[in-house]
Amino acid sequence: MRKKIVAGNWKMHTCIEEGVILAAEINSKVKKEVSNQETGIIIAPPFTHLSIIGQIVDNERICIAAQNCSSEPKGAFTGEVSAKMLKSFGVKAVILGHSERRAYYVETNEILLKKVNLVLENDLKPIFCCGEKLEERESKNHFNVVKSQIEQVLFNLDVENFSKCIIAYEPVWAIGTGVTASSEQAQEMHLFIRNLIVEKFGKEISENITILYGGSCKPSNSKELFSKPDVDGGLIGGASLDADDFIAIINSF
Ligand code: 13P
Numbered sequence: 219m220r221k222k223i224v225a226g227n228w229k230m231h232t233c234i235e236e237g238v239i240l241a242a243e244i245n246s247k248v249k250k251e252v253s254n255q256e257t258g259i260i261i262a263p264p265f266t267h268l269s270i271i272g273q274i275v276d277n278e279r280i281c282i283a284a285q286n287c288s289s290e291p292k293g294a295f296t297g298e299v300s301a302k303m304l305k306s307f308g309v310k311a312v313i314l315g316h317s318e319r320r321a322y323y324v325e326t327n328e329i330l331l332k333k334v335n336l337v338l339e340n341d342l343k344p345i346f347c348c349g350e351k352l353e354e355r356e357s358k359n360h361f362n363v364v365k366s367q368i369e370q371v372l373f374n375l376d377v378e379n380f381s382k383c384i385i386a387y388e389p390v391w392a393i394g395t396g397v398t399a400s401s402e403q404a405q406e407m408h409l410f411i412r413n414l415i416v417e418k419f420g421k422e423i424s425e426n427i428t429i430l431y432g433g434s435c436k437p438s439n440s441k442e443l444f445s446k447p448d449v450d451g452g453l454i455g456g457a458s459l460d461a462d463d464f465i466a467i468i469n470s471f
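Note that the numbering used here has the sequence shown beginning at 219, numbered continuously upward.
Next up, the structure:
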């Protein structure tokens, strides 16, 4: 049975003291207020915080993820952080292909495939984001967009590596806007993605892949979203910066 997961993407928020306080608060509330031990919990703070936060939280219960990594394994790439470096201080997963990175840092599918491969080679889990822009949904092109994002990157993997990935469907028009996809829209796309996986890798693999929803997910809508059969949790931006909201979302299954 596939894993339910709630992951917090802190984006470029919190200075180190604030990040440490937030991580400690999440850690203590997870202990006291989250009874379901089966729900996977991930937090993805900025690079600068990963090492210290990895030492603060209970690593058996909360996984630390990075928000990006380099498309190169090592070398003269000033300012970059490699997958191997992330692995060396306890990171377990890496968010890749976030729409903000696709839009502002021109991450193409080709670059993303290199990153996904490096992440897997270093025994880390890719959290691979996909999702359409508003105009793509309005022109009814949203299924094609998501299909090609997944096909051009994840469907180049062999079945063993593919089955280590987490997919996050994040419609761009819902990110940071306060406008959430309806649970029906989320379910429709998640089922579409799962069916693509059935065609490529078969039913068993498809049933075991966790597909998260992201985009203005908050305590007031997480229960409804997570009640859908193919929505296996969330990738949470803004609401993951508030420990109470994040815990409420974790407790929404
Ligand atoms: P918000 O939850 O702030 O809309 O962000 C979603 C997101 O981009 C998570 O990666």
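Where a beta carbon is used, it is the ideal one built from N, C-alpha and C, also for glycine.
- The three-state reading of DSSP puts Ile282 in strand, counting E and B together.
- Per DSSP, the continuous alpha helix (DSSP H) segment holding Phe410 begins and ends at Ser401 to Phe419.
- For the beta strand (DSSP E) assignment, the uninterrupted runs of no fewer than 3 residues enclosed by the stretch 361-392 are, from N- to C-terminal side, 384-387.
- Between Gly433 and Ile393, the C-beta gap is smaller than 8 Å, which places the two residues in contact.
- Annotation for Ile260: no alpha helix (DSSP H) segment contains it, though the beta strand (DSSP E) segment containing it runs Gly258 to Ala262.
- Val275 and Ile282 have their alpha carbons spaced roughly 9 Å apart.
- By the neighbour-count criterion, in which a residue is buried when 16 or more other Cβ atoms sit within 10 angstroms of its Cβ, Phe464 is buried.
- The beta-carbon distance between Leu336 and Cys287, rounded to whole angstroms, is 7 Å. This is short enough to meet the 8 Å contact definition.
- Relative to the non-hydrogen atoms of the ligand 13P, the Cβ of Cys383 never comes closer than 7 Å to any of them.
- Phe471 carries a coil assignment under DSSP once its states are collapsed to helix, strand and coil.
- If you draw a straight line from the Cα of Leu414 to the Cα of Ser246, it is about 39 Å long.
- Within the model, the alpha-carbon separation for Ile261 versus Ile270 is close to 13 Å.
- A distance below 7 Å between beta-carbons, with the five flanking residues on each side excluded, links Arg220 to the following residues of its chain, in chain order: Glu425, Asn426, Ile427, Thr428 and Asp450.
- The beta carbon of Lys333 sits closer than 7 Å to those of Cys287, Ser289 and Leu314, all from its chain and outside the five residues before and after it, given in chain order.
- The beta carbons of Cys347 and Ser317 sit closer together than 8 Å.
- Between His360 and Glu369, the gap from beta carbon to beta carbon reaches 8 Å or more.
- For His408, the shortest separation between its Cβ and any heavy atom of the ligand 13P does not lie below 7 Å.
- Here the distance from the Cβ of Cys435 to the nearest heavy atom of the ligand 13P is below 7 Å.
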